[in-house]
Every structure is written in structure tokens, then in C-alpha cells.
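Here the structure comes first, spelled out in C-alpha cells, and everything after it is commentary.
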Amino acid sequence: MNIDTGRGNTDVAPRLGWWQQTWRLAAAAAVGASGWFSTGVVLARENGTGAGTWFLVGDPLVALGCLALLLWRRRFPVTVALILTAASIPSAMAAGPALFALGSVAARRRPVEIGVVAAAHVVTSQFALSFYPIESTPDSWWLQISLPVLTAGMAVALGMAVGARRVEVRSLRDRAESAEREQTARAAQARATERNRIAREMHDVLAHRISLVAMQAGVLDHRDNLGAEESRMLVRGIAEGSHQALEELRDVLGVLRADPGRPEAPQPSLDGIPGLVSETRASGLDVTLTTTVTETPPDLVGRTCYRVVQEGLTNAAKHAPGARVRVTLEGAAGDGLEVGVHNSPTAYSSLTAKLAPPPASGFGLLGLGERVALAGGELSHHPTPGSGYVLTARLPWPHPTHEKRA
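Residue numbers (our numbering): 345 to 750.
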């Protein structure tokens, strides 16, 4: 493939099969044979003694060599075209391959190359007329010039049309390949987005519940002074937490396996935060909830706020057993919603020293940050003086009138 970087035109000639090559050579031979036959008729009429040995033998042999040379026209287009044009002087039949080579050069759509080969065709045609003893009248000079110009123009026009068609086909092919690549990239991005969404849902659903179960099981395993009622409460909490974790996991998997038209299970909202705090408090964590929110925020904001509190309580249960946790909710429509989860330093005791450190995935806060960003909010988390930790998020809560206008 040759590229004309100066004009932006591209030689996009496809590779030819044996049949495509054969019929092209046959067409060139047919054009040359018609010119050779016409010349023979004129020679026989004017001379009366026949066309001569060269015309009957040498002329076709030169034309046969020209047809063979056409096989290299795509590798050396201008060189082959000029050689064939020169060969058309002693061989009338070689005019067909010469015109075909001119059309092949024109298909490249390079004006300089086309002009050189076309001019050579017109000039050599004047010498070809004097090679055979054909008489011409003085006033026929315009015919001797116009006929080569006409044939060269036809070859150039046909070649330009073929070249334009090749460029169009190549452009359509490139566009199709580009569209296919974009479709593949979009599909891969959609799969990655869906995997991230599933990972967030699985983490949100299971991490909190399993953390509470693990904390209750650790207390039950390492405390020897528990009464019968306290032990039963812990065992009941472990059983209920495990059952709820399985139910929530089943709901998530059911959504993944369901038909696209099936509605998803109800998502948590701001109203579920008091129940979440109560469950965590029942598992043994000291949690207090302070809220000044009296209105109901949009579903996305409420669901994101719930996930922030859930992640904060999960991390406190995993990394700060025995600590005091304070959950605060502030905000109103038009001012935004601020949520914070602050835990005090871990209250170390003989029990917390015995508990095995929980496994840390490192993806909880990362997924939460993505969720908050999708809601248009900002997430912040950092240690506090005294080895505590604080997790805060600010979420947009537009005024209802703004939502209606939007």
C-alpha cells in the first residue's frame, strides 16, 4: 500500500485474485486487438500486398510481453506505464496494455504521475503513426492529436473513477472497523461498570452483616463470664445475622439472574438508618444517632447516605471493637445533606486483645467513594487525634422546585 502523504490520497488497491487478474489482462488484450485489427485493415487497403511479417508476428509478440509486464503495474506503476507507452510505437496491439497501465496510474489519483504518463501517450502516438506506411492527408493532423487525447482522457477518467471507488470502499471498511472497535470498547466498559456495581452491592449487603456476626462470635468465644441469657442473646444474634446475610445475598443474586424487565428489590433509604443503628447496637457496639433531618431526600441521596452510615459502622465493628460510635445527620432541601460517622479510640481490654484482627479488603471505602461521586457528593475519611476515625460525606439535596424546573 502506497500513501500520498502530500495530498492525503491513499492507494488502497486490494490484492487481486487469479480471476480478477485474468479478466483485466483479457480486457487489455481485447482493446489492443481491436486497434491491431483496425491497423491491419488500413494497411491491407492502402498497400494491397498485406500487412507484412512484423505486423503479423512481431507486433503480437511485443504485445504479449506488454501483457506480462502488466503483472508488475501495482508495484512499479509509473515505470511500467512508461515502458508500455514506448512499446506502443512499434506495436499497435501494445496500445491496449498501455492504456490499461495509464488507467492504473490514474487510479492512484496523483496528478503529476497522471500528467506525465498521459503526455507520453499522446507524444508516442505521433511516432506510432509513422512506424507503418499509412498515408495521411495534411488536414488530418487534428485527428492524429485528438484521437490519442480522447483515448487517454477516457483511460484517465475510468482510472480516477476506480480509484475513487477504492477510497470509498476503504473508508467504509475503516468506519466499520472503527465502529466495531468502539462497540467492543463500550461493551468492555459496560462489563467493567457492571462488575464494579455488583462488587459494591455485594460488599454493602454482606460486609456489614458478616462483621456484626464475626464480632458477636468473637465475644461468645472469648468471654467466659457470660450468663445463660447473654449467651442465648449472642447466639440468637449470630443466627439472625447469618440468616439475614443469606437472604440479602439471595436477593442480590436473584437480581443478577432475573430477566431485564423484572424490577429490582427495594433499595435502602434514609428511613432505614435508625434500624441499622439499632441492629448494630444490639450486636454489642455502642452507637448513638443524632439527626436534624425532618424531610425525605431524593432516593439516590437517601440510599447513598444509608451506605455511608453502613460502611462507617462496618469499619468501626471490624477495626474498633469496644469503641463508641456517633452517627450524625444534618441538612435540608436546598442546603445539602451531611452525614458523619465518628468512632472513638478502641477500648482495649483483655477481650479485644484476644480477638483476631479482621480481614481487610480495602475496597469498601473505594467503592463508597465511587458511589458518593455518582451521587454528586464528596467523601472524606481520616484518623482523628487520639487514634479515632471519622467518615463524612456531603451530598447534594436540591430544592424540590429546582428538580421540577430541571
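Backbone N, C-alpha and C fix where the C-beta goes; we use that ideal spot for every residue, glycine too.
- Annotation for residue 409: 431 place their beta carbon closer than 8 Å to its own, counting only its chain and skipping 5 residues before and after.
- Here the stretch 656-674 lies against the stretch 625-637, with 3 or more beta-carbon pairs under 8 Å apart.
- Burial check for residue 641: the Cβ neighbour count within 10 Å reaches 16 or more, so the residue is buried.
- Assigned with DSSP and collapsed to three states, residue 738 falls in strand.
- Of the residues assessed, residue 655 falls on the buried side of the cut-off, its CB having 16 or more other CB atoms within 10 angstroms.
- In the three-state DSSP reduction, residue 379 falls in the helix class (H, G or I).
- Within the same chain, Cβ atoms closer than 8 Å to the Cβ of residue 491 are found at 469, the five residues on either side in sequence being excluded.
- In this structure residue 634 touches residue 670 by the C-beta definition: roughly 7 Å separates them, less than 8 Å.
- One Cα belongs to residue 418, the other to residue 435, and the distance between them is close to 23 Å.
- Within its own chain, the residues whose Cβ lies closer than 8 Å to the Cβ of residue 618, once the five positions on either side in sequence are excluded, are 633, listed in chain order.
- A distance below 9 Å separates the beta carbons of residue 740 and residue 719.
- For residue 670, the enclosing beta strand (DSSP E) covers residues 668-676.
- In chain order, 612, 613, 614, 616, 617, 620 place their CB closer than 8 Å to the CB of residue 650, counting only its own chain and leaving out the 5 sequence neighbours on each side.
- Shown here, residue 716 sits in a helix according to DSSP, grouped into three states.
- By the neighbour-count definition (other C-beta atoms within 10 Å, threshold 16), residue 420 is an exposed residue.
- Shown here for residue 643: same chain residues with a beta carbon closer than 8 Å to its own, the five before and five after excluded, namely 611, 613 in chain order.
- Between residue 497 and residue 449, the beta carbon gap of about 14 Å keeps them out of contact (Cβ cut-off 8 Å).
- Residue environment for residue 403: buried (at least 16 other C-beta atoms within 10 angstroms of its C-beta).
- Secondary structure at residue 728: strand, using DSSP grouped into helix, strand and coil.
- Assigned with DSSP and collapsed to three states, residue 624 falls in helix.
- Rounded to the nearest whole angstrom, the CA to CA distance from residue 639 to residue 673 is 12 Å.
- Taken through DSSP and simplified to helix, strand or coil, residue 639 comes out as coil.
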